[in-house]
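A.B. asks: Here UniProt numbering is used: position 32 in the sequence shown is 32, and no number is missing along the way. My structure is below; once you've seen it, I'll send some questions.
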Amino acid sequence: MRPASMTATREIHRLGEADARFAFDVFRHRCGRVPVWTRKVALGETVAITGPSGNRLPPAEWRADLVGDETGIPVIARIFAGLAAGTCGTTRLFVPSEDMFKAFARLRACA
């Protein structure tokens, strides 16, 4: 019997074509299946990644008004990275600490 699949908020940040590796973030909640899994999985172990969420970018003429808590930061960052130049909008983040917000704010500077 195959183990049940798990879903979690995650986002691919870097793809390395030469060595067939990629880096991804998983938000580790205080409880649940994903935090347990992240403590058990070993470096180099084969895992299945599906998705990601947030893969549909708004057209340039739309406003990008985004709202999320800390679990949505990876997807919001991915959406920001793919927005067309000049796209307007707002983002509301509900995070437990100012440090987490500052880390997100450094991901993309607005022009």
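Yeah, the Cβ is synthetic: ideal placement off N, Cα and C, and Gly gets one too.
(1) May I ask you to list the residues that DSSP assigns as paired with Pro-69?
(2) Roughly how many angstroms lie between the CA atoms of Glu-61 and Arg-30, to the nearest whole one?
(3) Just how far apart, CA to CA, sit Pro-96 and Val-67?
(4) Using the Cβ count rule (16 or more neighbours within 10 Å means buried), how would you classify Val-36?
(5) Based on Cα-Cα distance, which residue from Ala-84, Asp-99, Ala-85, Gly-72 lies nearest to Thr-91?
(6) Alpha carbon to alpha carbon, how far is Gly-86 from Val-41?
(7) May I have the straight-line CA-CA distance separating Arg-63 from Ile-76, to the nearest angstrom?
(8) State the Cα-Cα distance for the pair Leu-43 and Gly-89, rounded to the nearest angstrom.
(9) Once you ignore the five residues that flank Asp-69 on each side, which residues in its own chain have a CB closer than 6 Å to its CB?
C.D. replies: The short version:
(1) Here residue 69 turns out to be Asp, not Pro, going by the sequence shown. Asp-69 pairs with Phe-94.
(2) 39 Å
(3) 15 Å
(4) Classification of Val-36: exposed, given that the 10 Å Cβ count is below 16.
(5) Gly-72
(6) Answer to the nearest angstrom: the Cα atoms are 41 Å apart.
(7) 14 Å
(8) Looking at the backbone, the Cα of Leu-43 and that of Gly-89 are separated by about 38 Å.
(9) Phe-94
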